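First up is the structure itself, then whatever we jot down about it.
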Amino acid sequence: MCGIAGIVRNDGKPVDEELLVRMNNAIRHRGPDEDGFYVNGSTGLAMRRLAIIDLKSGQQPIHNRDRSAWIVFNGEIYNYLELREKLERLGHTFYTNSDTEAIVHAYDQYGTDCPKHLRGMFAFAIWNERTQELFLARDRVGKKPLLYAEVNGQLIFASEFSALLLHPDISREIQPEALDHYLSFMCIPAPLTVYKSIRKLEPGHWLRWRNGNVERQRYWEPDFTKKIDISEEEAGERTVEILREAVRVRLMSEVPLGAFLSGGIDSSAVVALMSQESSERVKTFSIGFDEQDFSELHHARRVAEHIGADHHEFIVRPDAVEVLPMLVEHYGEPYADSSAVPTYYVAKETRKHVTVALNGDGGDESFAGYERYIAMGLTEKYRRVPSFLRESVIREAVNLIPTNPTKRSTIKSAQRLLAVVGHPKIDRYMRWVSTFNEEMKGPLYSDFFREQTADADATGIIGNWFKRANGIGIVDALLLTDQMTYLPNDLLVKVDIATMAVSLEARSPFLDHHVIEFAASLPQNLKLRRLTGKYLLKKVLRKLLPSENLTRRKMGFGVPIGHWFRGKMQPFLREVVLSDKALRRGLFKPEAVKHLVDSHTRAERDYSHQLWTLLMLELWFNRFIDH
C-alpha cells in the first residue's frame, strides 16, 4: 500500500528529479515506511511505501526479468500467489515475494489485459522501455485513486492532488462544470476534477501513453443481465461462501490487522466472518457522538460482545477549526460528504492499534441496502394507483400530518416520495441523491455562474447509466448506477483519503469483484423484497449476528451537522460562508446563502447538507485558490 507519482516527457528532455522528489514527499502520509525512484532520461517514477506484504524485499520500483518494464504500485493483489504460480509455469522468474512483481510479469504476459487477471485494489504505472510507453491502470470499482494531467508534451500522474499541483506546468484554473456537479453530488464525478488540467482515471479503466498520444479503455463493468437460476436456499449458501472467501483473502498481512465496526449489517457481517476465519480475537473499532440519535455505539457493542471481539470505542467531538481545513488539504478538491469527519477519526484511532482495517463498504450497492431503492420501487407501484386516489386521498392525507422540519421521520420520507412520484425515473432518483437540485440551484446561482455552467448536466451522468441498464429491472438499474457513480466518486474517495491520511490500509470484502458479480447475477427479489432491502443478506446472517442488528432501521454513517450548525459550529459556519470574501466570489447570490444559513439556524428548515457543501467549498477556495 502506498502512493505513487510520475512524469514522462515526449520532448527528450530529462525529468526534473528534484521536482519528482517533492511530488513524492507530498504523499508521504500514504507510505511513511520508505520511498523509491526510477529515473531514466525523460521518464521518472516515484513511490511511497506502507509496508504490508513482503516487508524485506518488496521495495519499489520493481522490474521484470530483463529490466525492460518498471512498476510503481498502490494497492493489494489478493490472488498474487496463484498468479505467480501460473506465470512461473509460463517461464517467468521472480526475485521478490511481493504482489507488485506479479503485476509487472502479468503485464509482460498479457499486455493491456493484465488488469483482468488481478483480484484486489490497485492503481499502478508501468514504464515499458522497449516500446517507450506508459501504462496506467485502476482497479475495477475504484478503491485506489489515480489522477493525471496531459500538459506541454508530458503525462504527469499521482495518487493525490497535492503531488500534481506541485508541478509548475499544471494550472489551477477551475472547471465550472465540475463545481456544478459538486453542488449536486457533494463530490466531483470522474473523469472530471475541479481543475481543468487534471483528470481522474475512471475505475475499471486502463490508459496507455506513447509519443504524446493517449488511449483509454474500459476493461470491466458489472453485468446484471445474466441471471442465474438458483433457489433462495442455495443463493444464501453461495452468498456466505463467496463473502467468507473475500474476507479470508483480505486477512493476508505481515502487520497488525483489525476492522471498523459500525453495528450496521455490512461491517457486522465482515467482523463475524473474520472471527470465524481468524485464530485470534478480532480487533474492532467504533465511534459515536454525544448526540444519541446519531450514535451507533450500542449496536456495535452488541455485535462485538456476540462474536467475542477485542473492542475499542470512542466519542467524536470534532474541532471544526482544526479538522476541516486538514481534510480539505487531503482531499485536494471540493468534497462534502460529512461522514468524512467520523471516518477520519475512526481511522486515526484505529491506526494506533493496527495498520490494516477491514470494513463493510459496498454491501448496500450490491445487495440493495439504501432506502431510495425501496422508495423507487414504491413510486413505480404508486403510479399504478388511480390518479383521483393519489391526489385527493393519499397525498392530502399524508401532507396533513405534522412533522418536525429538522428531524428525520417516516412521514417526511413519505412526503418526499410523493413529491417526486410524477417525475420520470431519472428525475426521481436525482431528487433522492442531489444535495442542491435544479430547483434549489435556480435562486442560489448568480447570473455569472449560471452562464458558466449552462452546459453542465448532472442528470446526464446518472442518465447515462440508466440508459446502459436498458431492459434491467428498476432495482438492478439503481444498483448499477450507484456502483458506477456514487460508490467510486463519493464513498471510496472518502475512505481512501481519510485512511491514507493516517497511513492506514482499508480493505473491503464486499467490493471483491467476485462478490459484486455474483450479487449482480441474483434475481432482484432476492435483494429487495417488498419493503425489505438486503433481503437475502439479512436472512443468511441470522446465524451469525444478533437479530436486533438485522431488523433495526438503517442509519448510515450519519453526522449531527444539523445540530452542530445550530450550536457549537454556528459561529464558524457564518464566519466562513458569509464572509465578505465568500460573498464576493460571484458564484452565488449573497441573499440566497444568507437565507439558507438563517432558515437552518432558526430551525425553520433542515439545510444542513447544503450548508456543509457550501462550507467545504469555501474552505477549499481558501486553501487552494486564494493562496
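The numbering of the sequence shown is this note's numbering, which starts it at 23 and goes up by one. C-beta: ideal position from N, C-alpha, C; glycine also. Bear in mind the structure is a predicted one, so any value in this text is a computation, not a measurement.
inquiry  = To the nearest angstrom, how far is the alpha carbon of Leu-564 from that of Leu-501?
reply    = Here residue 564 refers to the residue found at position 542 when the sequence shown is read from its first residue. Here residue 501 refers to the residue found at position 479 when the sequence shown is read from its first residue. Contrary to the premise, residue 564 reads as Arg rather than Leu in this sequence. Approximately 24 Å between the Cα atoms of the pair.
key: Three-way DSSP call (helix, strand, coil) for Asn-86 in this model   = In the sequence shown, the residue the question calls residue 86 occupies position 64. Asn-86 sits in coil when the DSSP states are folded into three classes, being neither helix nor strand.
message = Just to confirm my understanding: we take Gly-495, look at its own chain, exclude 5 residues before and 5 after, and list those with CB closer than 6 Å. What are they?
response = Taking the first residue of the sequence shown as 1, we reach residue 495 at position 473. Within the same chain, Gly-495 has close Cβ partners Gln-546.
ask   = What are the uninterrupted segments assigned as beta strand (DSSP E) that are 3 or more residues long and contained completely in the stretch 320-391, given in chain order?
value = If we require 3 residues or more, the beta strand (DSSP E) runs fully inside the stretch 320-391 come out as 332-338 and 378-380.
Leu-41 - DSSP class collapsed to helix/strand/coil = Stepping through the sequence shown from its first residue, residue 41 is reached at position 19. Of the three classes helix, strand and coil, the one that applies to Leu-41 here is helix, per DSSP.
ask   = Cβ atoms of Lys-305 and His-375: under 9 Å apart, would you say?
value = As a working note, residue 375 is residue 353 in the sequence shown. As a working note, residue 305 is residue 283 in the sequence shown. Yes, the pair counts as a contact, with Cβ atoms nearer than the cut-off.
ask   = For the beta strand (DSSP E) that contains Ser-308, what are its first and last residues?
value = For the purposes of this step, residue 308 is identified with residue 286 of the sequence shown, where counting begins at 1. Ser-308 -> beta strand (DSSP E) spans 305-311.
message = Please list the terminal residues of the continuous beta strand (DSSP E) segment that includes Asn-29.
response = Position 7 of the sequence shown, counted from the start, is the residue given in the question as residue 29. Note on identity: in this sequence residue 29 is Ile, with Asn being the wrong assignment. It spans 24-31 - the beta strand (DSSP E) in which Ile-29 sits, taken as one unbroken run.
task = May I ask you to report which of helix, strand or coil DSSP gives Tyr-60?
result = Here the question's residue 60 lines up with position 38 in the sequence shown. For Tyr-60, the three-state secondary structure derived from DSSP is strand.
ask   = Are the Cβ atoms of Ser-630 and Gly-589 separated by less than 9 Å?
value = To locate residue 630, count along the sequence shown from 1; it is residue 608. To locate residue 589, count along the sequence shown from 1; it is residue 567. Ser-630 is not a Cβ neighbour of Gly-589, given a cutoff of 9 Å.
query = Under the three-state reduction of DSSP, which class applies to Val-524: helix, strand or coil?
reply = In the sequence shown, residue 524 corresponds to position 502, counting from 1. Here Val-524 carries a coil assignment [DSSP, helix/strand/coil].
task = May I have the straight-line CA-CA distance separating Asp-121 from Lys-248, to the nearest angstrom?
result = On the sequence shown, residue 121 is found 99 positions in, with the first residue counted as 1. On the sequence shown, residue 248 is found 226 positions in, with the first residue counted as 1. Annotation: Asp-121 to Lys-248 spans about 32 Å, alpha carbon to alpha carbon.
message = Buried or exposed for Ser-297, going by 16 or more other Cβ atoms inside 10 Å?
response = The count along the sequence shown starts at 1 and reaches residue 297 at position 275. So Ser-297 counts as buried.
key: Where Glu-195 sits in the DSSP three-state scheme   = In the sequence shown, residue 195 corresponds to position 173, counting from 1. Coil at Glu-195, not helix or strand.
ask   = Should the stretch 37-49 be regarded as contacting the stretch 178-189, the criterion being three or more beta carbon pairs within less than 8 Å?
value = Yes: the two stretches touch, three or more of their Cβ pairs being nearer than 8 Å.
key: Sub-9 Å separation of Phe-336 and Arg-230 beta-carbons   = Locating residue 336 in the sequence shown gives position 314, where the first residue counts as 1. Locating residue 230 in the sequence shown gives position 208, where the first residue counts as 1. No, these two residues do not count as a Cβ contact at 9 Å.
ask   = Leaving out the 5 sequence neighbours to the left and right, which residues in its chain are closer than 8 Å to Val-1 when beta-carbon positions are compared?
value = The question about residue 1 has no answer here: the residues shown for the chain are numbered 23 through 649.
inquiry  = Check this for me: beta carbons of Arg-529 and Met-69, under 9 Å apart or not?
reply    = Along the sequence shown, read from residue 1 onward, the residue named residue 529 stands at position 507. Along the sequence shown, read from residue 1 onward, the residue named residue 69 stands at position 47. Cβ distance not < 9 Å, so Arg-529 and Met-69 don't count as in contact.
request  = Just tell me which of Val-350, Tyr-102 and Asp-498 has its CA closest to the CA of Tyr-395.
outcome  = Stepping through the sequence shown from its first residue, residue 395 is reached at position 373. Cα-wise, what sits closest to Tyr-395 is Asp-498.
key: Beta-carbon proximity list for Gly-354, same chain, < 7 Å, skipping 5 on both sides   = Counting from one through the sequence shown, the residue named residue 354 turns up at place 332. Cβ within range, chain order: Glu-182, Phe-183 and Ser-184.
message = Could you compute how far the alpha carbon of Phe-488 sits from the alpha carbon of Thr-503?
response = In the sequence shown, residue 488 corresponds to position 466, counting from 1. In the sequence shown, residue 503 corresponds to position 481, counting from 1. Answer to the nearest angstrom: the Cα atoms are 7 Å apart.
Which residues DSSP lists as bridging Trp-231, in chain order = Within the sequence shown, residue 231 is the residue found at index 209, counting from 1. Answer is Leu-156 and Val-236, bridged to Trp-231.
From Ala-358, Leu-112 and His-127, residue whose alpha carbon lies closest to that of Tyr-102 = Here residue 102 refers to the residue found at position 80 when the sequence shown is read from its first residue. Here the closest residue by C-alpha is His-127.
task = For the stretch 200-280, list the alpha helix (DSSP H) runs that are entirely contained and at least 4 residues long, ordered along the chain.
result = Fully contained in the stretch 200-280 are the following alpha helix (DSSP H) runs of length 4 or more, in chain order: 254-271.
query = Is the distance from the Cβ of Pro-244 to the Cβ of Ala-542 below 9 Å?
reply = Position 222 of the sequence shown, counted from the first residue, corresponds to residue 244. Position 520 of the sequence shown, counted from the first residue, corresponds to residue 542. Ala-542 sits close to Pro-244, with the two beta carbons spaced by under 9 Å.
request  = From the DSSP output, in three-state form, read off Arg-551 for me.
outcome  = Translated into positions along the sequence shown, residue 551 becomes position 529. Reduced to three states, the DSSP call for Arg-551 is strand.
ask   = Under a three-way DSSP split, which group does Arg-111 fall into?
value = Counted from its first residue, the sequence shown places residue 111 at position 89. Helix.
ask   = Hey, how far is the Cα of Ile-416 from the Cα of Asp-386?
value = For the purposes of this step, residue 416 is identified with residue 394 of the sequence shown, where counting begins at 1. For the purposes of this step, residue 386 is identified with residue 364 of the sequence shown, where counting begins at 1. Residue confidence is low: Ile-416 scores 45 on pLDDT, short of 50, so the model does not pin down where it sits. No coordinate-derived value is stated.
inquiry  = Pull the bridge partners of Leu-67 from the DSSP assignment, please.
reply    = Counting from one through the sequence shown, the residue named residue 67 turns up at place 45. For Leu-67, the beta-bridge partners assigned by DSSP are Gly-28 and Tyr-60.
query = DSSP state of Gln-176, grouped into three classes?
reply = The residue labelled residue 176 in the question sits at position 154 within the sequence shown. Looking at Gln-176 - three-state DSSP - the assignment turns out to be strand.
inquiry  = So, with DSSP's three-state summary, where would you put Val-415?
reply    = The residue you call residue 415 lines up with position 393 of the sequence shown. Any reading at Val-415 must be qualified, since the residue scores a pLDDT of 47, below 50, and its modelled position is unreliable; the value itself is stated next. The answer is helix: DSSP assigns Val-415 an H, G or I state.
inquiry  = Going by C-alpha to C-alpha distance, which of Arg-450, Ala-379 and Tyr-60 sits closest to Ser-284?
reply    = The residue labelled residue 284 in the question sits at position 262 within the sequence shown. Ranked by Cα distance from Ser-284, the first of Arg-450, Ala-379 and Tyr-60 is Ala-379.
Range covered by the beta strand (DSSP E) that runs through Ala-94 = In the sequence shown, the residue the question calls residue 94 occupies position 72. Rather than Ala, the amino acid found at residue 94 in this sequence is Val. DSSP places Val-94 inside the beta strand (DSSP E), whose first and last residues are 91-99.
ask   = Secondary structure at Gly-142, three-state DSSP: helix, strand or coil?
value = The residue given as residue 142 occupies position 120 in the sequence shown. Strand at Gly-142.
Any C-beta of chain B under 9 Å from that of Lys-616 = Structure shown: chain B not included; a single protein chain is present.
key: Contained alpha helix (DSSP H) runs [length at least 4] in the stretch 462-533, N- to C-terminal order   = 469-474, 480-490, 496-506 and 514-522, all fully within the stretch 462-533.
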